[in-house]
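First up is the structure itself, then whatever we jot down about it.
Chains as they are written, first to last, in our numbering: chain A, 1211 to 1372; chain B, 10 to 272.
So this is what it looks like as structure tokens:
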């Protein structure tokens, strides 16, 4: 009998290679994991459609779950209903993002106009709200670049995908 | 997918996937050449999104038995690609490797009209009776919003900037417009339960969204007619010679070792 708790624990060791301080669990990417006998099934919600890290994440999830005692097979399904949203990132996850230098997304209303810019979040380093956007895009699909006028540092923020 | 016409669905997926892949490749060609460093970052990210969207759309085709994703992306002759010809046009004179004198204003206008069109198309696809497409379209839409926002910003800035930037935008509009009707051709792809809108529906929504922007910056709007003859009709597999060149460049590494599993 495989314990579900052990599976979640294993998943907590898997990280997004582009944000290595955060586990896929804290990212809110794991919708469900369950064991039937020695067979494990896990449902994963991909973040961005074109995220190049997905294959690596899939491989790492497979590796981590296979190593749990009693597990014989692992089936990974990517699911989209409902799609992942940055709102799913856990409170601990948001704190870790901040420590990594990426401001978590600001909570947002669902029906923002198509041409409205993301709200610029407070600086992850000094907490100042005197910040502005530098670039709507960034080093990965899910991030954009901001600047803090308070501590005069550039920083990254996660897109809200509203 | 009981009430979905498989042939029409497959044609639609090819159109969408090929549009994203081809425009994504053209975007890649700006790498290192964009007007400034921030734009290099932005355009690389946009290109990555588009190619990623294409991969996911080809995956839907693979699931429908059309072949492997990589073969669909690289292994077809030009006449099997159903992208609109607008998206295969070069970014400008020269090539990436040889004296590139690309036209940024053309890229901005092309991307603007494509992003508006793509937003309209994705809104319809999100209503598809074929759930895998509806789900994917809904997710792509959230990301395309950033592209549209970016190109609207550029368009406004250049159209209201200096005399030179404005005249470049006007020239670009002139160059893009003849290729616009080709975007709206659905050919075998619709309409139906898989995609509940006609070409005329797409066009009227497109005009409703883009016309106000042109008015705002004082660029004259030109009417778009769907009744004219389209010589290079990409949706029917009739392309310009530029597509063959693009595919040769894009597939250069793969063609050296088609059976390799990774490079």
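A virtual CB, placed ideally from N, CA and C, is assigned to each residue, including glycine.
Under the three-state DSSP convention, the category residue i falls into
i: residue 1320(A); result: Residue placement at residue 1320(A) is flagged as unreliable, the pLDDT there being 48, under the threshold of 50; a coordinate-derived value is accordingly withheld.
i: residue 179(B); result: helix
i: residue 274(B); result: This structure cannot settle anything about residue 274(B), because the visible part of chain B is limited to 10 through 272.
i: residue 1345(A); result: strand
i: residue 1338(A); result: coil
i: residue 191(B); result: helix
i: residue 217(B); result: helix
i: residue 204(B); result: strand
i: residue 261(B); result: helix
i: residue 1362(A); result: coil
i: residue 1225(A); result: strand
i: residue 1354(A); result: strand
i: residue 1253(A); result: strand
i: residue 128(B); result: helix
i: residue 52(B); result: helix
i: residue 1369(A); result: coil
i: residue 1312(A); result: strand
i: residue 1303(A); result: helix
i: residue 1280(A); result: coil
i: residue 1220(A); result: helix
i: residue 1258(A); result: coil
Cα-Cα separation between residue i and residue j, rounded to whole angstroms
i: residue 192(B); j: residue 1216(A); result: 52 Å
i: residue 96(B); j: residue 58(B); result: 16 Å
i: residue 1257(A); j: residue 1295(A); result: 7 Å
i: residue 1292(A); j: residue 94(B); result: 35 Å
i: residue 8(B); j: residue 164(B); result: Absent from the structure is residue 8(B), since the part of chain B shown begins at 10 and ends at 272.
i: residue 1333(A); j: residue 86(B); result: 50 Å
i: residue 78(B); j: residue 64(B); result: 7 Å
i: residue 188(B); j: residue 1348(A); result: 31 Å
i: residue 212(B); j: residue 233(B); result: 8 Å
i: residue 170(B); j: residue 1338(A); result: 33 Å
i: residue 47(B); j: residue 229(B); result: 30 Å
i: residue 173(B); j: residue 35(B); result: 24 Å
i: residue 1352(A); j: residue 62(B); result: 14 Å
i: residue 42(B); j: residue 166(B); result: 19 Å
i: residue 60(B); j: residue 45(B); result: 22 Å
i: residue 257(B); j: residue 27(B); result: 15 Å
i: residue 101(B); j: residue 120(B); result: 14 Å
i: residue 203(B); j: residue 18(B); result: 6 Å
i: residue 1314(A); j: residue 12(B); result: 42 Å
i: residue 237(B); j: residue 1275(A); result: 59 Å
i: residue 1372(A); j: residue 155(B); result: 11 Å
i: residue 113(B); j: residue 157(B); result: 16 Å
i: residue 1302(A); j: residue 141(B); result: 32 Å
i: residue 91(B); j: residue 1214(A); result: 47 Å
i: residue 1234(A); j: residue 196(B); result: 42 Å
i: residue 1240(A); j: residue 1308(A); result: 21 Å
i: residue 1330(A); j: residue 1297(A); result: 16 Å
i: residue 1265(A); j: residue 1229(A); result: 15 Å
Any non-hydrogen atom of the ligand PLP within 7 Å of residue i CB
i: residue 79(B); result: With respect to the ligand PLP, the structure offers nothing, as it holds no ligand at all.
Rounded Cβ spacing between residue i and residue j (contact assumed at less than 8 Å)
i: residue 131(B); j: residue 146(B); result: 5 Å
i: residue 135(B); j: residue 150(B); result: 6 Å
i: residue 260(B); j: residue 88(B); result: 16 Å between Cβ atoms; not a contact.
i: residue 201(B); j: residue 14(B); result: 5 Å
i: residue 29(B); j: residue 105(B); result: Actually they do not touch by this definition, with Cβ atoms about 20 Å apart.
i: residue 1288(A); j: residue 1254(A); result: 5 Å
i: residue 82(B); j: residue 67(B); result: 6 Å
i: residue 1377(A); j: residue 1226(A); result: Past the edges of chain A, shown from 1211 to 1372, lies residue 1377(A), and the structure says nothing about it.
i: residue 215(B); j: residue 126(B); result: 6 Å
Residue i - containing beta strand (DSSP E), residue span
i: residue 1288(A); result: 1283-1288
Start and end residues, alpha helix (DSSP H) containing residue i
i: residue 152(B); result: 140-168
i: residue 1242(A); result: Element bounds for residue 1242(A): not the alpha helix (DSSP H) but the beta strand (DSSP E), 1240-1246.
i: residue 26(B); result: 15-37
task: Closer than 8 Å, Cβ to Cβ, to anything on chain B: give me those residues from the stretch 1284-1295 of chain A, in chain order.
output: The stretch 1284-1295 of chain A vs chain B, Cβ under 8 Å: 1290, 1291, 1293.
message: Tell me which residues of the stretch 1219-1247 of chain A have at least one Cβ-Cβ distance to chain B shorter than 9 Å, keeping chain order.
response: Cβ contacts with chain B come from no residue of the stretch 1219-1247 of chain A.
Cβ-based contacts, 8 Å cut-off: residues of the stretch 1247-1275 of chain A near chain B: Here the close residues are 1258, 1259, 1260, 1261, 1262.
task: Pull out every residue of the stretch 1335-1349 of chain A whose Cβ sits closer than 8 Å to any Cβ of chain B, in chain order.
output: When C-beta distances to chain B are compared with 8 Å, the residues of the stretch 1335-1349 of chain A below that value are 1344, 1345, 1346, 1347, 1348, 1349, in chain order.
field: Residues within the stretch 48-65 of chain B neighbouring chain A, beta-carbon criterion of under 9 Å
entry: Residues of the stretch 48-65 of chain B whose Cβ lies closer than 9 Å to any Cβ of chain A, in chain order: 48, 50, 51, 52, 53, 54, 55, 57, 58, 59, 60, 61, 62, 63, 64, 65.
- prompt: Just by C-beta distance, which residues in the stretch 135-147 of chain B are closer than 9 Å to chain A?
  reply: When CB distances to chain A are screened at a threshold of 9 Å, the residues of the stretch 135-147 of chain B falling below it are 140, 141, 144, 145, 147, in chain order.
field: Residues, ordered as in the chain, of the stretch 26-38 of chain B that lie near chain A by beta-carbon distance below 8 Å
entry: For the stretch 26-38 of chain B, the set of residues with a beta-carbon nearer than 8 Å to any beta-carbon of chain A is empty.
query: Given a limit of 8 Å on CB to CB distance, which residues of the stretch 83-115 of chain B reach chain A?
result: Those residues of the stretch 83-115 of chain B that come within reach of chain A (Cβ to Cβ, closer than 8 Å) do not exist; the list is empty.
field: Positions along the stretch 155-177 of chain B whose CB lies within less than 7 Å of some CB in chain A
entry: Going along the stretch 155-177 of chain B in chain order, one finds 155, 157, 158, 159, 161 with a Cβ nearer than 7 Å to chain A.
message: At a CB distance below 8 Å, what residues from the stretch 1303-1316 of chain A approach chain B? Give them in sequence order.
response: If the cut-off is 8 Å between Cβ atoms, the stretch 1303-1316 of chain A has nothing near chain B.
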